[in-house]
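I have placed the structure first, in the form of structure tokens, so that the comments after it can refer back to it.
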Amino acid sequence: MSRSRTPERIAETALQLFNSYGEPNVTTNRIADELEISPGNLHYHFKTKQSLIDELFGRYEQRMLELLGGDGIEHAEVEDAWLFLHLVFENIADYRFIYRDLSELCARSRDLRTRIRAILKLSLRTASDLLAGMERSGQLEAQPLERESVVRNIVLISSYWIAFDQVMEPDVEPRPDRAAIQVMSLVSPYLRGPAREQFEHLANAYR
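Now the structure itself:
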């Protein structure tokens, strides 16, 4: 294994093991064994297990911040909302150990707790902007209190979808498309006109 590729291989293997077995159940020695390298070689690149977690979280965070930037949702329609949610859930699925072990990760690292809280706050703001964009497009009609409730439920379900799915179907790969439809079902009572038909079409295709 070339030295230049070693950190990337370590990160990729750690992510796979964390996702499969849960971060608390995976030691750095196990990661080293999987890669057939010495623990010393691993710790040359990542001094501690926490530094490896921080590296993976940084990758997840960068992608999530890009997605939550709000591009293209100013006049969102049903299919735009579904695609946006699908991309968000893909990122959550790729780094699902973060959500499965969320409480423990936050308890161990104040820095991670602060960054996760920031992502949740941004998620609330982006979900609100998404619904506002659908209102501007004439596809959604909701009272302010109704919209606020839907926004909070969107973020709540998004945050705990992985944990629920892995308990119910532990041997099945996560389905971001199905998760997106589940969240869209929160919005469906407020859809108007052709938007309801568009939602039903997507729901039938991905359930």
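To get our numbering, take the position in the sequence shown, counting from 1, and add 8.
All C-beta atoms in this analysis are idealised placements derived from N, C-alpha and C, irrespective of residue type, glycine included.
Count the other CB atoms within 10 Å of the CB of residue 9; is the residue buried (16 or more) or exposed (fewer)? Confidence in residue 9 is poor, its pLDDT being 49 and thus under 50, which makes the residue's placement unreliable; the coordinate value appears in the next sentence. Label assigned to residue 9: exposed.
Starting from residue 62, trace the alpha helix (DSSP H) both ways and give me its first and last residue. 57 to 75
So the candidates are 57, 161, 162, 166; which of them puts its Cα closest to the Cα of residue 98? 166
Do the region 40 to 49 and the region 109 to 126 make contact, defined as three or more Cβ pairs closer than 8 Å? no
Do residue 26 and residue 105 have their C-beta atoms within less than 8 Å of each other? yes
Evaluate residue 168 with the Cβ neighbour count: other Cβ atoms within 10 Å of its Cβ, from every protein chain shown; 16 or more gives buried, anything less gives exposed. exposed
Kindly give me the distance between the Cβ atoms of residue 81 and residue 92, rounded to whole angstroms, as I take these residues to be in contact under 8 Å. 6 Å
Can you tell me whether residue 147 is buried or exposed, with buried defined as 16 or more other CB within 10 angstroms of its CB? buried
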